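Peer 1: Handing you a structure now.
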Amino acid sequence: MNRPKFTSSFYAYLSRLRWIKRWGLKRNAHDENVMEHSWEVAVIAHTLALIKNRYFNGQVDANAVATAALYHDITEVITGDLPTPIKYHSPAISAAYKQIEKQAEKELLGLLPSELKEDFMAFIHHDQLPEEHKLIIKAADKISAYLKCQAELKAGNREFETAAEYLVQTLGQSEQPEVIFFMTVFVPSCGLTLDGLMQTH
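Note that our numbering gives residue 137 to position 108 of the sequence shown, counting from 1, and the numbers run on in steps of one.
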């Protein structure tokens, strides 16, 4: 095999996701970075897809959903994590941020070797994902945010009260049966201590 005669900074950029903090406008009892958040969203999305397939006659590629979820916030390595109140402050700001995200997607895709660009296309250009995959990843993102809010509240941090109330309402109104299943079966034990978890065996 001939050694490649080029280099790519794609993964050097991705590795910096660990330095991007989420929930920037709030005091956090426990800081959360985009890299760990992406992993949690991927795990939840994978489970949601499997639940959909096993219990609700779905035919979703759970592995593809999990992979796409790993990359769902990839553009934040360029844009940073813009707090939700700012991102949706006005239609003009939302539209402008969308354009910035699209430009970031192009820049990241441009860092890849040409032979790999097609493989990464849908993972980086999220609008090219199947609609069903997008819905599952979006739900997983909200569940992850809900779990973060609950952890902060449990730590005595009232900064997250309003966000928690909004997410409870949003997830409670979900029409995705896999989301209802996950919230009913898996979420209640997430607030337990280690000793409490061990007693559930």
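Glycine included, every Cβ here is placed at the ideal spot set by N, Cα and C.
Just so it is clear, the structure is predicted and the values come from calculations on it, not from any experiment.
Is the CB-CB distance between L99 and F152 below 9 Å?
Peer 2: Here residue 99 corresponds to residue number 70 of the sequence shown, with the count starting at 1. Here residue 152 corresponds to residue number 123 of the sequence shown, with the count starting at 1. Yes, the Cβ-Cβ distance between L99 and F152 is below 9 Å.
Peer 1: Using the three-state DSSP reduction, which class does N92 fall into: helix, strand or coil?
Peer 2: Translated into the one-based positions of the sequence shown, residue 92 becomes position 63. In the structure shown, N92 sits in a helix (DSSP, three-state: H, G or I).
Peer 1: Taking I115 and I122 to be in contact with their CB atoms under 8 Å, please state how far apart those CB atoms are, rounded to whole angstroms.
Peer 2: Along the sequence shown, read from residue 1 onward, the residue named residue 115 stands at position 86. Along the sequence shown, read from residue 1 onward, the residue named residue 122 stands at position 93. Yes, I115 and I122 are in contact; Cβ-Cβ is about 7 Å, under 8 Å.
Peer 1: Ends of the alpha helix (DSSP H) at A58?
Peer 2: Stepping through the sequence shown from its first residue, residue 58 is reached at position 29. Looking at the DSSP string, A58 is not in any alpha helix (DSSP H), and its letter there is neither H nor E.
Peer 1: Skipping 5 residues on each side, what residues in its chain have a beta carbon closer than 6 Å to that of K81?
Peer 2: On the sequence shown, position 52 is the one that residue 81 refers to. Around K81: G87, V89, E207.
Peer 1: When DSSP builds the beta bridges, which residues end up paired with G50?
Peer 2: By 1-based counting over the sequence shown, the position of residue 50 is 21. It should be noted that the sequence gives Lys, not Gly, for residue 50. In the DSSP output, where bridge partners are listed per residue, K50 has N62.
Peer 1: For E61 and T222, what's the separation of their Cα atoms in angstroms?
Peer 2: Walking along the sequence shown from the start, residue 61 turns up at place 32. Walking along the sequence shown from the start, residue 222 turns up at place 193. Distance between the alpha carbons of E61 and T222: 19 Å.
Peer 1: Exposed or buried, which one is F35 when buried takes at least 16 other CB atoms within 10 Å?
Peer 2: Counting from one through the sequence shown, the residue named residue 35 turns up at place 6. By the 10 Å Cβ count, F35 comes out exposed.
Peer 1: Is it the case that the Cβ atoms of S173 and E69 are separated by a distance below 9 Å?
Peer 2: Locating residue 173 in the sequence shown gives position 144, where the first residue counts as 1. Locating residue 69 in the sequence shown gives position 40, where the first residue counts as 1. Yes, these two residues count as a Cβ contact at 9 Å.
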